[in-house]
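Below: the structure, in structure tokens.
Residue numbers (this note's numbering): 5 to 378.
See below:
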């Protein structure tokens, strides 16, 4: 039985651009190289999956037979759409496995796979949380934590962002996002005022879940796209999570493991506090590390009242040093950091001022932006 659909080409192009981000170009399972197109009411959905993450993009205003359903090669169809002559619509007919696409004056016959073999992910069973969150806050939190996600596959519990309910230092309930690679740790809180409960959610008691690195990157693309909605719906059970933003529905498996007790490694409030201009610090780090060797990217920071001295020593090339003004309270202190990590933190904040809380030369430092410790 042949079914037909007429798709708005601009909407189809946008849906394909998102869907192919999930599809690997080389797959041992052929159907995972495809996208599924189905009629749902008055719309057609484009769905892609790698069995760990699934994206469903709904294209409204399309015309399709109720039985329209097919799977077609994702990257091939993306190339066809990008290179075909201009047209307002994409006309498609399919018998399920073979599809004919007409774009303007060009017709393409594309072989697919029976959609009956397609596997879908769904969040079912007991729901631990179901709420709406401000999209901007979610973007800020995920983007802030993304750079600290570990890439070591042997430490799989660190290969994502840990999302859970917590209480901040003032005792207020927050939704907290944490990521660490063992060298640095980033933590970002979203006040409950930016969330609204749905379906009996109990946010303060929501258990922690680990969102995989690939899902985090994909969500940043989806939530940050042009004209994206202001809110994101988040649904969580013990093994999967669902994120809905407008016409995009994301379902992801969660990392099965226990995130380490990060609170044990976060330094307590140090007795030495330095406040420095973020841009000046980044500029000085870039300057003094020009002399660094590729193997050692360390920079030494010497704090004293009113001044911060940055220096780098390279036995093969020489030394470099610069001084910048800072506000410092405490005994003089010398401490070394990985310059790349420090530069990343300078780039990760919007505020002009950074506050560093320090204790000893061999102890970690706590960095936050101005008075905002979220």
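All residues carry an ideal CB built from backbone N, CA and C; glycine is no exception.
Check	Outcome
Please look up how many angstroms separate the CB atoms of residue 2 and residue 223, rounded, as I've assumed it's under 8 Å.	Because the chain is modelled from 5 through 378, residue 2 falls outside the range shown and cannot be assessed.
Could you name the residues of the same chain whose beta carbon sits closer than 7 Å to that of residue 122, not counting the 5 residues immediately before and after it, in chain order?	35, 40, 75
Quick one, are the C-beta atoms of residue 26 and residue 52 less than 9 Å apart?	yes
What does the alpha-carbon distance come out to for the pair residue 127 and residue 62?	18 Å
Measuring CB to CB, does residue 295 end up less than 9 Å from residue 267?	no
Residue 89 and residue 108 look like a contact to me (Cβ under 8 Å); what is the Cβ gap, rounded to whole Å?	4 Å
If you follow the beta strand (DSSP E) that residue 72 is part of, which residue opens it and which one closes it?	Residue 72 -> no beta strand (DSSP E), and no H or E assigned at all.
Within a Cβ cutoff of 6 Å, which residues of the same chain sit near residue 331, ignoring the five residues on either side of it in sequence?	279
Helix, strand or coil for residue 283? Go by DSSP, reduced to three states.	helix
In whole angstroms, what separates the C-alpha of residue 106 from that of residue 95?	5 Å
Which partner residues of residue 183 appear in the DSSP bridge assignment?	190
Could you pull out every residue in the same chain whose Cβ sits closer than 7 Å to the Cβ of residue 364, ignoring the five residues on either side in sequence?	none
According to the Cβ coordinates, are residue 358 and residue 282 closer than 9 Å?	yes
Among the candidates 11, 133, 45, 99, whose CA atom is the shortest distance from the CA of residue 92?	11
State the beta-bridge partners of residue 137 as determined by DSSP.	199, 236
Please state if the CB of residue 137 and the CB of residue 215 are separated by a distance shorter than 9 Å.	no
Contact defined as beta carbons within less than 8 Å: I believe residue 264 pairs with residue 161. What is the distance between those atoms, to the nearest angstrom?	7 Å
With three or more C-beta pairs closer than 8 Å as the rule, is the stretch 217–233 touching the stretch 162–180?	yes
Compute the Euclidean distance between the alpha carbons of residue 318 and residue 297, then round it to the nearest angstrom.	7 Å
Excluding the 5 residues flanking residue 248 on each side, which residues of the same chain have their C-beta closer than 6 Å to its C-beta?	237
Tell me the rounded alpha-carbon separation between residue 56 and residue 243.	11 Å
Taking only runs of the alpha helix (DSSP H) that begin and end inside the stretch 272–344, which ones reach a length of at least 4 residues, in chain order?	282–292
With DSSP as the reference, please indicate the residues paired to residue 102 in a beta bridge.	115
Can you list, in chain order, the residues of its chain with a C-beta nearer than 8 Å to that of residue 189? Leave out the 5 residues immediately preceding and following it.	152, 182, 183, 266, 269, 270
Tell me the rounded alpha-carbon separation between residue 204 and residue 119.	Low local confidence applies: a pLDDT of 44 at residue 204 is under 50, so the model's placement there is unreliable, with the coordinate-based value given in what follows. Taking the straight line from one Cα to the other gives about 35 Å.
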